[in-house]
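Peer 1: For reference, the structure I am asking about is given below.
In UniProt numbering, the protein residues as written are 1 to 172.
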């Protein structure tokens, strides 16, 4: 695996373009039980980040780990699971000193969504996306998701809404 904040981790790209309503997504664990999906179209890159590379910013929301330099650009690094209501990165059991930042860009702003690891690129039919019911998740969590897909094993894959995540950051 390539290390350093200026390197891009190569991901396997499917040879055939998605057909019809199919879209590509990057799959990653949100916590021990739930996996998330991020639309590949929103992804600018994936980099490994050591926590020592992140400069904490005082008096910000807890899910904001700080800023770091990426290719000469100051970008925010946020704890995606923490934003979605899970235990903050630094308070987890067996805390990791590094993670993978999925770089997304919305309206010329790049943000790193830090997760423990990234898994695979998967293709799903957008018409098979299921809506999240009011009783399924807390309202705060639901607001950052576009719905979910079911994988081949019958497990839900939560679809992260990158635009809403960036809007939450901009509203601070």
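For glycine and all other residues, C-beta sits at the position ideal for the given N, C-alpha and C.
Can you tell me whether residue 2 is buried or exposed, with buried defined as 16 or more other CB within 10 angstroms of its CB?
Peer 2: For the purposes of this step, residue 2 is identified with residue 2 of the chain shown, where counting begins at 1. Legend: pLDDT at residue 2 = 35, less than 50; position of this residue unreliable, value from coordinates given subsequently. The residue in question, residue 2, is exposed, as its Cβ has fewer than 16 Cβ neighbours within 10 Å.
Peer 1: Once you ignore the five residues that flank residue 154 on each side, which residues in its own chain have a CB closer than 7 Å to its CB?
Peer 2: The count along the chain shown starts at 1 and reaches residue 154 at position 154. Correct list: empty, nothing qualifies.
Peer 1: Three or more C-beta pairs closer than 8 Å, one from the stretch 116-136 and one from the stretch 60-77: is that the case here?
Peer 2: Result no; under three Cβ-Cβ pairs closer than 8 Å.
Peer 1: Would you decide whether residue 158 is buried or exposed? Buried here means 16 or more other CB atoms lie within 10 Å of its CB.
Peer 2: Working through the chain shown from its first residue, we reach residue 158 at position 158. Answer is buried; the Cβ neighbour count reaches 16.
Peer 1: Please report the distance separating the alpha-carbon of residue 76 from that of residue 117.
Peer 2: The count along the chain shown starts at 1 and reaches residue 76 at position 76. The count along the chain shown starts at 1 and reaches residue 117 at position 117. Rounded to whole angstroms, residue 76 to residue 117 spans 18 Å at the Cα level.
Peer 1: Since residue 103 contacts residue 45 with CB under 8 Å, what's their CB separation in whole angstroms?
Peer 2: Within the chain shown, numbered from 1, the residue matching residue 103 stands at position 103. Within the chain shown, numbered from 1, the residue matching residue 45 stands at position 45. Yes, residue 103 and residue 45 are in contact; Cβ-Cβ is about 4 Å, under 8 Å.
Peer 1: Could you check whether the Cβ of residue 89 sits closer than 7 Å to any heavy atom belonging to the ligand FMN?
Peer 2: With respect to small molecules bound, the structure shown includes none, and the ligand FMN cannot be examined in it.
Peer 1: Check the DSSP bridge columns for residue 24 and list the partner residues they point to.
Peer 2: Your numbering for residue 24 matches position 24 in the chain shown. Residue 24 is bridged to 123.
Peer 1: With 16 as the cutoff for other CB atoms within 10 Å, does residue 150 come out buried or exposed?
Peer 2: Stepping through the chain shown from its first residue, residue 150 is reached at position 150. Result: exposed.
Peer 1: Hey, which unbroken runs of the beta strand (DSSP E) at 3 residues or more fall wholly within the UniProt domain "CheW-like" (22-171)?
Peer 2: Complete beta strand (DSSP E) runs here, min 3: 22-29, 35-39, 43-50, 64-70, 73-79, 98-106, 109-115, 121-125, 145-150 and 156-160.
Peer 1: Is the beta carbon of residue 123 less than 8 Å from the beta carbon of residue 35?
Peer 2: Position 123 of the chain shown, counted from the first residue, corresponds to residue 123. Position 35 of the chain shown, counted from the first residue, corresponds to residue 35. The answer is no: Cβ separation not under 8 Å.
Peer 1: Would you call the CB atoms of residue 74 and residue 30 closer than 8 Å?
Peer 2: Translated into the one-based positions of the chain shown, residue 74 becomes position 74. Translated into the one-based positions of the chain shown, residue 30 becomes position 30. It is not a contact, given that the beta carbons lie outside the stated cut-off.
Peer 1: Compare the C-alpha of residue 38 against each of 131, 134, 54 and 101 and name the closest.
Peer 2: Taking the first residue of the chain shown as 1, we reach residue 38 at position 38. Comparing Cα-Cα distances from residue 38 to each of 131, 134, 54 and 101, the minimum goes to 101.
Peer 1: Buried or exposed: which applies to residue 68, given that a residue is buried once 16 or more other Cβ atoms fall within 10 Å of its Cβ?
Peer 2: Along the chain shown, read from residue 1 onward, the residue named residue 68 stands at position 68. The residue in question, residue 68, is buried, as its Cβ has 16 or more Cβ neighbours within 10 Å.
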